[in-house]
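First up is the structure itself, then whatever we jot down about it.
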Amino acid sequence: MMNGAQYKESLKKLKPEIHCNGRIITDVVDDPMTKPHVNSAAMTYELAFDPEYKDLMVVNSSLTGKPINRFTHLHQSTEDLINKVKMLRMIAQKTGTCFQRCVGFDAMNATFIVTHKVDKECGTNYHQRFIDYMKYVQENDLMVAGSMTDPKGDRSKKPGQQVDPDLFVHIVEKRDDGIVVRGAKAHQTGMVNSHEMLILPTTNLGADDKDYAVACAIPVDAPGVLHIFGRQTNDDRRLQGDIDTGNSEYAIVGGETLTVLNDVFVPWERVFMCGEYQYAQEYVEAFASYHRQNYGGCKVGVADVIIGATASMAEYNGVPNASHIKDKIIEMIHLAETMYNCSIACSCEGRKTEAGNYYVNTLLANTAKLNCTRTMYEISRLAHDIAGGFIATLPYEADLKDPKIGAYINKYFAANPNVSTEDRFRMARLLENMTGGTALAESMHGAGSPQAMRVMLLRETNLESKKALAKRLAKIKEAPVKKA
Ligand code: SF4
Ligand code: FE
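Count along the sequence shown starting at 1, add 2, and that's the number in our numbering.
Below, the structure written as structure tokens:
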């Protein structure tokens, strides 16, 4: 296993092509735009060496028996699924943001399930290949970006019907030694500071979309790969100072990219699906359900920090005991723990798959994430309510630190006499960072947009059996079907 420093060293050996705001980022570890994201992901490595968290972070590999970082593990029990949620909450409490490594974790568990099924029904040999790849990931403690989301183009059209065929990743050539893929993956969390990406399909596919049924692993710096780094709310404050950034050590969400695949060669040993379009939907659902399980873990850890910051702001403002403040804090706790409940529940109700790893209860996992698309907004709304409007109007950090202007700011932004104005600024900026713009949009659309969860909820619910329950109590007999 690698620790945080070794992870950063390992990134320095890679040479991904990263474009950001008109320039090239050559060193993700030290560049101010990517550094906080690297720090956050490094936490997933560092905590594996902390005796306090060893039980959550380190497990024995089901493939080799050796100790590995949980982020490279194939779940072996419902306890593993529960520990995943607990681990994510714990890490998010320390970073206050996304640490990115779960996407690959989920993609690997989903690929393990689907390759097993495809082999069994189609006589292919993807599963053993994937096991070999997993051993490579575990032995080297790699960070893998789970790469599902395609740009998708015209949403009313399937991949093969798009005007531009590259709007979904597809196979453009099959060779003796491998395949060549073209297209792009969008919103790629943690991509620039991962070692590898694991490509999988993004939607259900038909026979016309065979070339879009592709799963494969590609190093982030493979020839033909380029990354375009996305903007985040207030990201250029990283170039200016510390307080105004809010969470200068770890930034906001995952540092997402648009990753372009310009005819990238993939050797056969890294290809895990090649044309089996019938399994695309199941693959997407497996990945998405694993990832939706997470949101009652990581987002609850984020909410824990927001609640702590809000309660601190109430103290800093001098009103910690006002009854309406207490009520609102209780409401925030209730919302956060409700998200956690769902993720623990979908883990407890998980089951063993034919492939041998454990899978979440999909109905409950989708409920967990759907809750999150609302509750993180409500938690943030209550945080703004309690903290006060000044989190939206504070002056610049540079003016706070200016000897002349700073004196006015200190005088007129003072509140609770036991708290410095600078600390009041720091807490307000942290809240601003964690409760607005990019952070909220990620709560809504990360792991899929709400409608995707609603579709799953309806599919996974037996509505007819619910109708039958009601009819029995109401003593309604089914009318016999009339013959024509
Ligand atoms: Fe992991 Fe949460 Fe980030 Fe998704 S949003 S990668 S689940 S920390
Ligand atoms: Fe996410």
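Cβ atoms here follow ideal geometry from the backbone N, Cα and C, with glycine treated the same way.
Please read these numbers as outputs of a predicted model, since none were measured by experiment.
Could you check how far apart the C-beta atoms of residue i and residue j are, in whole angstroms? I think they sit under 8 Å.
i: residue 290; j: residue 205; result: That pair is no contact at about 11 Å.
i: residue 35; j: residue 101; result: About 17 Å; that fails the 8 Å criterion.
i: residue 313; j: residue 332; result: Incorrect: roughly 11 Å between the Cβ atoms, too far for contact.
i: residue 151; j: residue 189; result: 5 Å
i: residue 233; j: residue 449; result: Their Cβ separation, rounded to whole angstroms, is 21 Å, which puts residue 233 and residue 449 out of contact at 8 Å.
i: residue 260; j: residue 106; result: Not a contact, Cβ separation roughly 18 Å.
i: residue 263; j: residue 226; result: 6 Å
i: residue 341; j: residue 367; result: Not a contact, Cβ separation roughly 12 Å.
i: residue 452; j: residue 372; result: 6 Å
i: residue 213; j: residue 173; result: 5 Å
i: residue 165; j: residue 218; result: Residue 165 to residue 218, Cβ: 25 Å. No contact.
Spell out the partners DSSP gives residue i in its beta bridges.
i: residue 190; result: 259
i: residue 127; result: DSSP output for residue 127 lists no bridge partner at all.
i: residue 1; result: Residue coverage of the chain in this structure runs from 3 to 486, which leaves residue 1 outside it and unanswerable.
i: residue 176; result: 181
i: residue 354; result: 360
i: residue 198; result: 146 and 221
i: residue 21; result: 26 and 230
i: residue 276; result: 216
i: residue 101; result: Answer is none; residue 101 lacks a bridge partner.
i: residue 51; result: Paired residue(s): none; residue 51 is not in a bridge.
i: residue 70; result: 61
i: residue 289; result: Bridge partners of residue 289: none, in fact.
i: residue 266; result: 183
Exposed or buried, residue i, counting other C-beta atoms within 10 Å across all chains shown (16 or more means buried)?
i: residue 127; result: exposed
i: residue 326; result: exposed
i: residue 374; result: buried
i: residue 464; result: exposed
i: residue 487; result: In this structure the chain extends from 3 to 486, so residue 487 is not present and cannot be described.
i: residue 29; result: exposed
i: residue 240; result: buried
i: residue 175; result: exposed
i: residue 320; result: exposed
i: residue 420; result: exposed
i: residue 382; result: buried
i: residue 410; result: exposed
i: residue 244; result: exposed
i: residue 203; result: buried
i: residue 249; result: buried
i: residue 309; result: buried
i: residue 443; result: exposed
i: residue 441; result: buried
i: residue 7; result: exposed
i: residue 196; result: buried
i: residue 477; result: exposed
i: residue 184; result: buried
Considering Cα atoms alone, identify which of the options is closest to residue i.
i: residue 387; options: 329, 114, 401 and 411; result: 329
i: residue 208; options: 112, 278 and 201; result: 278
i: residue 251; options: 124, 37 and 356; result: 37
i: residue 194; options: 151, 94 and 17; result: 17
i: residue 324; options: 364, 381, 389 and 269; result: 389
i: residue 171; options: 215, 395 and 96; result: 215
i: residue 306; options: 337, 320 and 296; result: 337
i: residue 334; options: 229, 316 and 377; result: 377
i: residue 397; options: 424, 213 and 26; result: 424
i: residue 92; options: 56, 131 and 114; result: 56
i: residue 88; options: 429, 380, 300 and 430; result: 300
i: residue 427; options: 452, 438, 392 and 458; result: 392
i: residue 21; options: 77, 230, 6 and 340; result: 230
i: residue 273; options: 64, 181, 316 and 81; result: 181
i: residue 90; options: 139, 178 and 292; result: 292
i: residue 136; options: 122, 114, 155 and 154; result: 114
i: residue 459; options: 303, 132 and 287; result: 287
i: residue 12; options: 132, 420 and 198; result: 198
i: residue 315; options: 429, 243 and 454; result: 429
i: residue 148; options: 285, 244 and 298; result: 285
i: residue 52; options: 63, 78 and 3; result: 3
i: residue 513; options: 81, 24 and 97; result: Shown here, the chain extends from 3 to 486; a query on residue 513 therefore has no answer.
i: residue 112; options: 85, 64 and 132; result: 132
i: residue 85; options: 9, 59 and 269; result: 59
i: residue 363; options: 379, 344 and 457; result: 344
i: residue 394; options: 431, 440 and 379; result: 431
i: residue 64; options: 221, 48, 50 and 82; result: 82
Is the shortest distance between the beta-carbon of residue i and the beta-carbons of chain B less than 8 Å?
i: residue 275; result: No chain B appears in the structure shown, which is made up of a single protein chain.
message = I'd like to know if the segment 61–79 and the segment 135–149 are in contact, where contact means that at least 3 CB-CB pairs between them fall below 8 Å.
response = yes
query = Are there three or more Cβ pairs, one per stretch, closer than 8 Å when the segment 159–169 is compared with the segment 92–109?
reply = no
request  = Report yes or no: do three or more beta-carbon pairs, one from the segment 353–370 and one from the segment 108–118, lie closer than 8 Å?
outcome  = yes
ask   = Can at least three beta-carbon pairs, one atom from the segment 344–351 and one from the segment 391–409, be found at a separation below 8 Å?
value = no
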